[in-house]
Amino acid sequence: MPDNDMLLSLYRQMLLIRRLEERIAEKYQEREMRCPVHLSIGQEAVAVGVCANLSAGDMVFSGHRGHAHYLAKGGSPDALIAELYGKVTGCSGGRGGSMLIIDKSVNFRGTTPIVGGTIPIAAGMAWALQMQQKNAVVAVFFGDGAVEEGVLHETLNFASLHHLPILFVCENNLYSVLTTLDERQPDRPITDIAQGHGVHADHGDGNDIIEVYEKTRDAVSRIRAGKGPAFLEFATYRWKEHSGPFEDTGKGRRTAEELHAWKARCPLEAFRRQLVSQGILSEEAHWQIEKEIDEQIVRAFAFARQSPFPEEGTLGEHLYAK
Ligand SMILES: Cc1ncc(C[n+]2csc(CCOP(=O)(O)OP(=O)(O)O)c2C)c(N)n1
Ligand SMILES: [Mg+2]
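Residue numbers in the sequence shown follow my numbering, run continuously in steps of one, and reach 582 at the last position.
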C-alpha cells in the first residue's frame with residue numbers, strides 16, 4: 261500500500277486532471293480551442309496510477325486521448341492548455357494541438373492521432389535506452405482499439421525478443437468510437453495476445469487507483485530487474501463522447517443506463533471516500549486541494565489566452581530534424 265503522502269499526491273493529480281478536463285469541456289464551446297479534444301474524464305486512475313511508478317528519467321508515449329498521461333508524467337497545465345489554444349507557449353509550440361503533445365522536459369515523448377502509432381516508436385526508444393544502458397523504462401498508453409492494429413502485434417514480438425524495458429498499458433474502455441469491443445474482437449482476453457508473444461501480462465480494475473498503482477509497481481519492478489517487457493490491461497470507461505465536450509448517449513449506441521452505472525463507479529469519488537474513511541483526507545483538506553487546483557486552472561487558461569500565436573514566418577520550422 262502506498263504511504264499517506266503518496267495517496268494524497270495520487271488524489272491531487274486525479275483531481276487536477278478531472279477539473280482541468282471539465283474546464284476544457286466548458287470552454288471548448290467558446291470555439292477558441294480549435295483542435296479536436298478527446299477527454300479522459302472517468303479514466304484518470306490509469307494515467308495517475310501508472311505514472312506514479314515512473315521516475316523523471318523514464319519515458320511516456322500516448323495517443324489521441326493523452327492529456328491525462330501528460331499531466332500524470334509531470335506535464336504543465338499551462339503548457340497543455342496553451343497547446344490546445346494553438347499558442348506558441350504550448351508544449352508543442354502551438355503546432356500540434358490536443359492529439360500531438362510532446363514535452364521532452366518531463367520525458368513525455370509524444371502522442372499521435374494514428375491509433376497505435378506510438379507503440380513501435382516507444383519500443384524503438386526502449387531499445388535505444390537499453391543499448392545506452394540507461395536503466396530507464398518506457399511506458400506506452402493505448403486503447404482497446406489499438407489491439408486491432410498490426411503494429412501492436414509486431415511490437416510485442418520485437419519487444420519480447422529483445423527483452424526491451426517497455427510497459428504496454430492498454431486502457432480498455434470497451435469502445436472504439438461507438439463500436440463495442442465484442443463487435444470488433446473475438447471473445448478472448450486481451451492479455452492472451454501479450455502472453456502469446458512471451459510478454460508478461462496482467463489485468464485489473466482501471467477505476468481502482470490502488471490496484472492500478474500496485475499492479476504497475478510490480479510490472480515496472482520486473483522490467484527494471486531486466487525481465488523484459490510487461491503488458492497491463494485496465495478496465496475503465498470514458499464519460500464523454502469519443503471526441504468533444506458532450507456525452508454520446510443520444511447516438512443510439514451507448515445507453516444512459518450504461519453511462520450511469522460507470523459514473524456510479526467514479527474512480528475519483530471512490531478514492532476520496534476511501535481516504536476520508538481512513539482519516540487520511542479531512543473535509544477541510546479536500547476543499548483546500550479543490551481551491552488550489554481551481555486557482556491553478558484559472559491561471560492556466562489565463563496564460564493560454566494571453567500567450568501569442570506562433571509567428572507566421574516560422575511556419576516551415578520544426579518539420580525536419582536538423
Ligand atoms: C490507424 C487509425 N485507424 C483509425 C483511426 C480513427 N480513430 C481515431 S480514434 C479511434 C478509436 C480508437 O479507440 P481506442 O484505441 O479504444 O481508444 P479510445 O478512443 O477508446 O481511447 C479511431 C478508430 C485512426 N485515427 N487511426
Ligand atoms: Mg477504447
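Cβ coordinates follow ideal geometry from the N, Cα and C atoms, glycine included.
So, does the stretch 454-470 touch the stretch 439-446, judging by three or more C-beta pairs under 8 Å?
Result no; under three Cβ-Cβ pairs closer than 8 Å.
Could you tell me whether any non-hydrogen atom of ligand 2 is closer than 7 Å to the CB of G405?
As a first step, residue 405 must be located in the sequence shown, where it is residue number 145. It does: the Cβ of G405 is within 7 Å (strictly closer) of some heavy atom of ligand 2.
Rounded C-alpha distance that separates F569 from E517
By one-based count along the sequence shown, residue 569 stands at place 309. By one-based count along the sequence shown, residue 517 stands at place 257. Going from the Cα of F569 to the Cα of E517 covers about 43 Å.
For the alpha helix (DSSP H) containing C526, name the first residue and the last one.
If you number the sequence shown from 1, residue 526 lands on position 266. Segment: none, C526 is in no alpha helix (DSSP H) and carries neither H nor E.
Assign N432 to one of two classes, buried (16 or more other C-beta atoms within 10 Å of its C-beta) or exposed (fewer than that).
One-based indexing of the sequence shown puts residue 432 at position 172. Flag for N432 reads buried.
Strictly by DSSP, which residues pair up with D363?
The sequence position of residue 363 within the sequence shown is 103, counting from 1. Within the DSSP secondary-structure output, D363 pairs in a beta bridge with F368.
I'd like to check one pair, K511 with L299: are the Cβ atoms closer than 8 Å?
Here residue 299 refers to the residue found at position 39 when the sequence shown is read from its first residue. Here residue 511 refers to the residue found at position 251 when the sequence shown is read from its first residue. No, they are not a contact pair.
Between the C-alpha atoms of K394 and K487, what's the straight-line distance to the nearest angstrom?
Walking along the sequence shown from the start, residue 394 turns up at place 134. Walking along the sequence shown from the start, residue 487 turns up at place 227. Near 15 Å, if we compare the C-alpha coordinates of K487 and K394.
On the criterion of 16 or more Cβ atoms from any shown chain inside 10 Å, does W547 qualify as buried, or is it exposed?
Mapped onto the sequence shown, residue 547 falls at position 287. Here W547 is exposed. Its C-beta has fewer than 16 other C-beta atoms within 10 Å.
Backbone secondary structure at G440 - three-state DSSP
The residue labelled residue 440 in the question sits at position 180 within the sequence shown. This sequence places Thr at residue 440; Gly is not what is there. Strand.
With H, G and I counted as helix, E and B as strand and the rest as coil, what does DSSP make of M266?
Against the sequence shown, residue 266 aligns to sequence position 6. In the structure shown, the three-state DSSP call for M266 is helix.
Taking C-beta to C-beta, are A490 and L427 nearer than 8 Å?
Translated into positions along the sequence shown, residue 490 becomes position 230. Translated into positions along the sequence shown, residue 427 becomes position 167. Their beta carbons are under 8 Å apart, which means A490 touches L427 by this criterion.
Closer than 7 Å: Y435 CB and nearest ligand 2 heavy atom
As a working note, residue 435 is residue 175 in the sequence shown. Yes; taking the cut-off as 7 Å, the Cβ of Y435 has a heavy atom of ligand 2 nearer than that.
What number of angstroms, rounded off, separates the C-alpha of A386 from the C-alpha of M261?
The residue given as residue 386 occupies position 126 in the sequence shown. The residue given as residue 261 occupies position 1 in the sequence shown. Roughly 29 Å between the two C-alpha positions.
Report the CB separation of A406 from L412 in whole angstroms; it is logged as a contact under 8 Å.
The residue you call residue 406 lines up with position 146 of the sequence shown. The residue you call residue 412 lines up with position 152 of the sequence shown. With 8 Å as the limit, A406 and L412 qualify as a contact, their Cβ atoms being about 6 Å apart.
Is G357 closer than 8 Å to L340 when the C-beta atoms are compared?
Residue 340 sits at position 80 when you count from the first residue of the sequence shown. Residue 357 sits at position 97 when you count from the first residue of the sequence shown. Not closer than 8 Å, so no.
For S322, which beta-bridge partners are listed by DSSP?
Here the question's residue 322 lines up with position 62 in the sequence shown. In the DSSP output, where bridge partners are listed per residue, S322 has T371.
Find the nearest neighbour of V366 within the set K333, V397, M359, judged by alpha-carbon distance.
Within the sequence shown, numbered from 1, the residue matching residue 366 stands at position 106. Distance check between V366 and each of K333, V397, M359 places K333 closest, using alpha-carbon atoms only.
Thinking just about the alpha-carbon of each residue, which of D338, I301, R294, A560 is nearest to the one in R325?
The residue you call residue 325 lines up with position 65 of the sequence shown. Considering only alpha carbons, the answer is I301.
Rounded to a whole number of angstroms, what is the C-alpha to C-alpha distance between V241 and G346?
An answer regarding residue 241 cannot be provided, because it is not within the stretch 261 to 582 covered by the chain.
What is the rounded straight-line gap between the Cα of L519 and the Cα of T509?
Here residue 519 refers to the residue found at position 259 when the sequence shown is read from its first residue. Here residue 509 refers to the residue found at position 249 when the sequence shown is read from its first residue. Taken atom to atom, the span from the alpha-carbon of L519 to that of T509 is near 8 Å.
Look at the alpha carbon of S269 and the alpha carbon of E543, and state the distance between them as a whole number of angstroms.
Along the sequence shown, read from residue 1 onward, the residue named residue 269 stands at position 9. Along the sequence shown, read from residue 1 onward, the residue named residue 543 stands at position 283. Distance between the alpha carbons of S269 and E543 is about 16 Å.
Between D363 and the rest of its own chain, which residues show a CB-CB distance below 6 Å, the 5 nearest in sequence each way excluded?
Start at 1 with the first residue of the sequence shown, and residue 363 comes out as number 103. In its chain, beyond the 5 residues on either side, G335, C351 have a beta carbon closer than 6 Å to the beta carbon of D363.
Looking at the secondary structure, which residues open and close the beta strand (DSSP E) in which D492 lies?
Looking up residue 492 in the sequence shown gives position 232. Looking at the sequence shown, residue 492 is not Asp but Leu. Here the beta strand (DSSP E) through L492 covers 490-495.
Selection from C311, R514, L280, A316 that minimises the alpha carbon distance to V297:
The residue you call residue 297 lines up with position 37 of the sequence shown. Ranking the options by Cα distance to V297, first place goes to L280.
Anyone know if the C-beta pair for G456 and F402 falls short of 8 Å?
One-based indexing of the sequence shown puts residue 456 at position 196. One-based indexing of the sequence shown puts residue 402 at position 142. For G456 and F402, no; Cβs fall outside 8 Å.
Can you check whether the C-beta of W499 is within less than 8 Å of a C-beta belonging to chain B?
You won't find chain B in this structure, because it holds only one protein chain.
Hey, out of F368, L535, G410, D338, whose CA is closest to A586's CA?
Shown here, the chain extends from 261 to 582; a query on residue 586 therefore has no answer.
Report back the beta-carbon spacing between L528 and M274 to the nearest angstrom; my notes put them in contact at under 8 Å.
By 1-based counting over the sequence shown, the position of residue 528 is 268. By 1-based counting over the sequence shown, the position of residue 274 is 14. Between M274 and L528 the Cβ distance is about 5 Å, and since that is below 8 Å, they are a contact.
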